[in-house]
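Number of protein chains: 2
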Amino acid sequence: MPSFNPPSRLLMGPGPSDVAPRVLQALARPTIGHLDPAFVAMMDDLKGLLRYAFRTENPLTVPVSAPGSAGMETCFVNLLEPGDKVIVCINGVFGGRMAENVRRIGAEAILVEDPWGKPVDLDKVRAAFAANSGVKALAFVHAETSTGVESDAQALCALAREFDALTIVDAVTSLGGIPLEVDQWGIDALYSGSQKCLSAPPGLSPISFSARAVDTLKARKSPVQSWFLDLSLVMNYWEGEGARSYHHTAPVNALYGLHESLVALQEEGLEQAWARHQANHVRLRDGLQGIGLELLVEERYRLPQLNTVVVPEGVDEAGVRKRMLGEHQIEIGAGLGSLAGKVWRIGLMGESSRPEKVDRCVMALTAVLGR
Amino acid sequence: MPSFNPPSRLLMGPGPSDVAPRVLQALARPTIGHLDPAFVAMMDDLKGLLRYAFRTENPLTVPVSAPGSAGMETCFVNLLEPGDKVIVCINGVFGGRMAENVRRIGAEAILVEDPWGKPVDLDKVRAAFAANSGVKALAFVHAETSTGVESDAQALCALAREFDALTIVDAVTSLGGIPLEVDQWGIDALYSGSQKCLSAPPGLSPISFSARAVDTLKARKSPVQSWFLDLSLVMNYWEGEGARSYHHTAPVNALYGLHESLVALQEEGLEQAWARHQANHVRLRDGLQGIGLELLVEERYRLPQLNTVVVPEGVDEAGVRKRMLGEHQIEIGAGLGSLAGKVWRIGLMGESSRPEKVDRCVMALTAVLGR
Numbered sequence: 001m002p003s004f005n006p007p008s009r010l011l012m013g014p015g016p017s018d019v020a021p022r023v024l025q026a027l028a029r030p031t032i033g034h035l036d037p038a039f040v041a042m043m044d045d046l047k048g049l050l051r052y053a054f055r056t057e058n059p060l061t062v063p064v065s066a067p068g069s070a071g072m073e074t075c076f077v078n079l080l081e082p083g084d085k086v087i088v089c090i091n092g093v094f095g096g097r098m099a100e101n102v103r104r105i106g107a108e109a110i111l112v113e114d115p116w117g118k119p120v121d122l123d124k125v126r127a128a129f130a131a132n133s134g135v136k137a138l139a140f141v142h143a144e145t146s147t148g149v150e151s152d153a154q155a156l157c158a159l160a161r162e163f164d165a166l167t168i169v170d171a172v173t174s175l176g177g178i179p180l181e182v183d184q185w186g187i188d189a190l191y192s193g194s195q196k197c198l199s200a201p202p203g204l205s206p207i208s209f210s211a212r213a214v215d216t217l218k219a220r221k222s223p224v225q226s227w228f229l230d231l232s233l234v235m236n237y238w239e240g241e242g243a244r245s246y247h248h249t250a251p252v253n254a255l256y257g258l259h260e261s262l263v264a265l266q267e268e269g270l271e272q273a274w275a276r277h278q279a280n281h282v283r284l285r286d287g288l289q290g291i292g293l294e295l296l297v298e299e300r301y302r303l304p305q306l307n308t309v310v311v312p313e314g315v316d317e318a319g320v321r322k323r324m325l326g327e328h329q330i331e332i333g334a335g336l337g338s339l340a341g342k343v344w345r346i347g348l349m350g351e352s353s354r355p356e357k358v359d360r361c362v363m364a365l366t367a368v369l370g371r
Numbered sequence: 372m373p374s375f376n377p378p379s380r381l382l383m384g385p386g387p388s389d390v391a392p393r394v395l396q397a398l399a400r401p402t403i404g405h406l407d408p409a410f411v412a413m414m415d416d417l418k419g420l421l422r423y424a425f426r427t428e429n430p431l432t433v434p435v436s437a438p439g440s441a442g443m444e445t446c447f448v449n450l451l452e453p454g455d456k457v458i459v460c461i462n463g464v465f466g467g468r469m470a471e472n473v474r475r476i477g478a479e480a481i482l483v484e485d486p487w488g489k490p491v492d493l494d495k496v497r498a499a500f501a502a503n504s505g506v507k508a509l510a511f512v513h514a515e516t517s518t519g520v521e522s523d524a525q526a527l528c529a530l531a532r533e534f535d536a537l538t539i540v541d542a543v544t545s546l547g548g549i550p551l552e553v554d555q556w557g558i559d560a561l562y563s564g565s566q567k568c569l570s571a572p573p574g575l576s577p578i579s580f581s582a583r584a585v586d587t588l589k590a591r592k593s594p595v596q597s598w599f600l601d602l603s604l605v606m607n608y609w610e611g612e613g614a615r616s617y618h619h620t621a622p623v624n625a626l627y628g629l630h631e632s633l634v635a636l637q638e639e640g641l642e643q644a645w646a647r648h649q650a651n652h653v654r655l656r657d658g659l660q661g662i663g664l665e666l667l668v669e670e671r672y673r674l675p676q677l678n679t680v681v682v683p684e685g686v687d688e689a690g691v692r693k694r695m696l697g698e699h700q701i702e703i704g705a706g707l708g709s710l711a712g713k714v715w716r717i718g719l720m721g722e723s724s725r726p727e728k729v730d731r732c733v734m735a736l737t738a739v740l741g742r
């Protein structure tokens, strides 16, 4: 069996995004022990960098040692117990996955559904709170990767606070790409992914829990159903002074990569990264309009880092993606669920959000579509 | 915040073990999409390589996208349902963790306990089967990383089969280091780790499920409590012809590393790797005896890849480890649980199982102990 040498690709899909050479180099540094004092110091730096990216002072801000789906599950299994009521907003794939997490805990998911391609409707959420007493948490997706829609996280958090409910927020695609203010908005628990706007390889899920969320965890009556994701155990490794107790073996080299990608983000500056994502979105939008392509989502709640492009009448959706990859080495994404076959998803996340990459993508689409 | 540059270390602890330069280089190859045809082909190769290492034909042989603890949880949450009875053998840290997994499912853990430093006692297991009807599974640790003891996996599997019970086996430290015959011994479900005798970085957990285990999964009455670890969903990504459905984003670069480590194992040959681990164990044992140090575990069930060394009377256990690391850049492990302060754990796993590394470790210990 030969070694694997991946082909050269430009990653313009819904993630993973392109990984910078400096991050790839960091991955290849020699593995050291997960209890090595040098590694423990790196973990402290990494937590500080994550707090910078999340705009939070939350002490419990760590990368879960698994992909974003595990970060999602971490938030739900630690905060919920059987019988709890949770309002779950569904306007794409990931809201549906949240509801599935709630059900597997034996908790009750009260669904607030909006069409794919639209944001979460605040009035419907208010009505759901009014119709159900004792709701423990409101769960929603800040940036829906399946549709390219941003929901108003700040307003949703304020609404939840009115009804004394916790907030659980999917920030997988928003972190590093658009404004996300964990402390200012009062988000209680959120999870993200390493492979979107942070441009590290997939496999890690940064999370952050507010003091209120930590209190909820500490007040649990039943044990967390997952041993691996039990934050009361994970905290003993990532927190505390002096000796860290062993929980699981941290993914050492993957954490080198995430650390390096966050150092790069801090060097650029978070606001500068947000502005770059917005500028390259405008460049893409203009380029697409120049060849007669339209975006699905209305401008006022459109994500700059995830663009859903309407497939023109009579065009072979899958065939175009195949030619983009085969002839131009560019990956763009397919639609999911009710948008399958109807849209392409062009991601401009992290290292993939560069003007020369936008131009290369538009030129390739122009050639493939014969425009 | 500066980039992180790890110090140079020789990893002779309980894992992670040293990672070969070729594996580190593989990690740094450009990230491609997790649905890219080239990546999907690599996944197929990787599954074949894992089947080679596990000595199995099981189609459901995949790496879980998280560390060994998550691999453990994958086996338990997929095979057990609330109320199921499981015999769990405890002769170290990891048997105890298995029991914790069983309880969090709402299943019943029937404990068979043996002293730390001894193998699982077959007579006690037989007695537990005789005393309890309707036991669904027998769970045990093949190679206890916390004590350095091998239990007789073949005999334990035969015993479970007599009572028509499934077997769930922890092979974290055994895979690649000592004989492990999944099909020949009739193991139903097992999990391992990337960072032990395979010498890839930590973060992935290869698992394999027999046909009987897959049937059990398919016959479940309740959903798997973890969405992330639900193998019926994971299989849709790792198996099947043509289109793979999206479950979670695979840890692309980490999988490059595991692939490369398995290519290296296949080049060496599995039996040759077992023989190398045994030969270097003998070299270490002789070297330690030469400076008056003794191993804790009796020779007949001693693991060659994980050596528990008795701390001599009057010697500062932690101080020796600190000097080994600070003065010699060598990591050795501490004892856990009832062995804390009483033993050191010297791992000779994968790339760390090389004669020159054994010699360097013995020489450093000689200097630190002043012998």
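Chains as they are written, first to last, in this note's numbering: chain A, 1 to 371; chain B, 372 to 742.
By construction, the Cβ of each residue, glycine as well, lies at the ideal position given by its N, Cα and C atoms.
Since this is a predicted model, take the numbers as computed values, not measurements.
I'd like the span of the beta strand (DSSP E) that includes residue i, first residue to last.
| i | result |
| --- | --- |
| residue 89 of chain A | 85 to 90 |
| residue 709 of chain B | Careful: residue 709 of chain B lies outside any beta strand (DSSP E) and carries neither H nor E. |
| residue 678 of chain B | 677 to 681 |
| residue 61 of chain A | 60 to 64 |
| residue 356 of chain A | Here residue 356 of chain A belongs to no beta strand (DSSP E); instead the alpha helix (DSSP H) covers 355 to 369. |
Please go through the same chain and pick out, in chain order, the residues whose beta-carbon is closer than 7 Å to the beta-carbon of residue i, but skip the five residues on each side of it.
| i | result |
| --- | --- |
| residue 257 of chain A | 23, 26, 27, 200, 201 |
| residue 490 of chain B | 462, 520, 521, 522, 523, 672 |
| residue 157 of chain A | 167, 185, 186, 187 |
| residue 432 of chain B | 418, 421, 422, 425, 579 |
| residue 587 of chain B | 450, 537 |
Give the secondary structure of residue i by DSSP, where H, G and I count as helix, E and B as strand, and everything else as coil.
| i | result |
| --- | --- |
| residue 608 of chain B | helix |
| residue 418 of chain B | helix |
| residue 165 of chain A | coil |
| residue 380 of chain B | coil |
| residue 505 of chain B | coil |
| residue 93 of chain A | helix |
| residue 407 of chain B | coil |
| residue 562 of chain B | strand |
| residue 140 of chain A | strand |
| residue 170 of chain A | strand |
| residue 579 of chain B | strand |
| residue 180 of chain A | coil |
| residue 113 of chain A | strand |
| residue 292 of chain A | coil |
| residue 331 of chain A | strand |
| residue 428 of chain B | coil |
| residue 125 of chain A | helix |
| residue 150 of chain A | strand |
Considering only residues of the same chain and omitting the five flanking positions on each side of residue i, which have a CB-CB separation below 6 Å?
| i | result |
| --- | --- |
| residue 465 of chain B | 512, 541 |
| residue 224 of chain A | 77, 78, 230 |
| residue 333 of chain A | 13, 14, 345 |
| residue 667 of chain B | 488, 679, 681, 714 |
| residue 484 of chain B | 461 |
| residue 406 of chain B | none |
Tell me which same chain residues have a C-beta within less than 8 Å of the C-beta of residue i, skipping the five on either side of it?
| i | result |
| --- | --- |
| residue 115 of chain A | 91 |
| residue 352 of chain A | 10, 11, 12, 17, 18, 199 |
| residue 379 of chain B | 700 |
| residue 413 of chain B | 626, 627, 630 |
Please list the terminal residues of the continuous alpha helix (DSSP H) segment that includes residue i.
| i | result |
| --- | --- |
| residue 627 of chain B | 623 to 639 |
| residue 375 of chain B | Looking at the DSSP string, residue 375 of chain B is not in any alpha helix (DSSP H), and its letter there is neither H nor E. |
| residue 319 of chain A | 317 to 328 |
| residue 393 of chain B | 392 to 398 |
| residue 441 of chain B | 439 to 450 |
(request) Kindly confirm or deny that the stretch 68 to 83 of chain A and the stretch 98 to 112 of chain A touch, where touching means at least three C-beta pairs closer than 8 Å. (result) yes
(request) Pair every Cβ in the stretch 172 to 190 of chain A with every Cβ in the stretch 296 to 305 of chain A, then say whether three or more of these pairs are closer than 8 Å. (result) yes
(request) Would you check if the stretch 355 to 371 of chain A and the stretch 699 to 706 of chain B touch, i.e. whether three or more CB-CB distances between them fall below 8 Å? (result) no
(message) Is it the case that the stretch 401 to 411 of chain B contacts the stretch 617 to 632 of chain B, given that we only count it when at least three CB pairs across the two stretches are under 8 Å?
(response) yes
(request) Could you say if the stretch 42 to 49 of chain A and the stretch 273 to 282 of chain A meet the contact criterion of at least three C-beta pairs nearer than 8 Å? (result) no
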